[in-house]
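Enquirer:
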Amino acid sequence: MNKHYLQSKLKSTGTAYVLWFVLGAHYAYLGKWGTQILYWITFGGIGIWALIDLFTMSSKVNKHNAMIFQQIEEIDKKEKDADHARNMAMVAAATGNRAKLE
Numbered sequence: 026m027n028k029h030y031l032q033s034k035l036k037s038t039g040t041a042y043v044l045w046f047v048l049g050a051h052y053a054y055l056g057k058w059g060t061q062i063l064y065w066i067t068f069g070g071i072g073i074w075a076l077i078d079l080f081t082m083s084s085k086v087n088k089h090n091a092m093i094f095q096q097i098e099e100i101d102k103k104e105k106d107a108d109h110a111r112n113m114a115m116v117a118a119a120t121g122n123r124a125k126l127e
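At position 23 of the sequence shown the residue is numbered 48 (our numbering), and the sequence of numbers has no breaks.
1. Quick check: the region 114-123 against the region 43-53, are there 3 or more CB pairs under 8 Å?
2. Just how far apart, CA to CA, sit Ile77 and Ile97?
3. Excluding the 5 residues flanking Ala93 on each side, which residues of the same chain have their C-beta closer than 7 Å to its C-beta?
4. With a threshold of 7 Å on Cβ separation, who are the neighbours of His89 within its own chain once the five nearest residues in sequence on each side are excluded?
5. Spatial neighbours of Tyr64 within its chain, please: CB distance less than 7 Å, with the 5 preceding and 5 following residues excluded, ordered by chain position.
6. Would you tell me roughly how many angstroms separate the C-alpha atoms of Gly39 and Asn112, rounded to the nearest one?
7. Determine the closest residue to Tyr42 out of Ala110, His29, Phe68 and Met82, with distance taken between C-alpha atoms.
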């Protein structure tokens, strides 16, 4: 995956709260459609589930974003390793060429 694509998938706690308040669509915003449909069918657990979500919303968004940050870190590590390997190959080529000239 592309880092820029993953960064576009990061979610905002503020947007999640607005969607919770206006449409009750905060689970859809986080990509959890099954949970969202169940939330709507039960009317937010007759309000109890909705009240719990009011206090746990930021942790749900942080958990979603943590998975994306982990994927971005893996991509960064792969890019860093590839850059290091390329630099080492260039150094090896440069020192090998110098030895041949002497």
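The beta-carbon is built from N, C-alpha and C at its ideal position, and this holds for glycine as well.
Computed from a predicted structure; not experimentally measured.
Expert: Taking the coordinates as given:
1. Not touching, per the Cβ criterion.
2. For the pair Ile77 and Ile97, the Cα-to-Cα distance works out to about 30 Å.
3. It should be noted that the sequence gives Ile, not Ala, for residue 93. Counting only Cβ-Cβ distances below 7 Å, and skipping sequence neighbours, we find Leu31, Lys34 and Leu35.
4. Result list for His89: Lys36 and Leu55, in chain order.
5. Gly49, Tyr52 and Trp74
6. CA-to-CA, the gap between Gly39 and Asn112 works out to about 43 Å.
7. Met82
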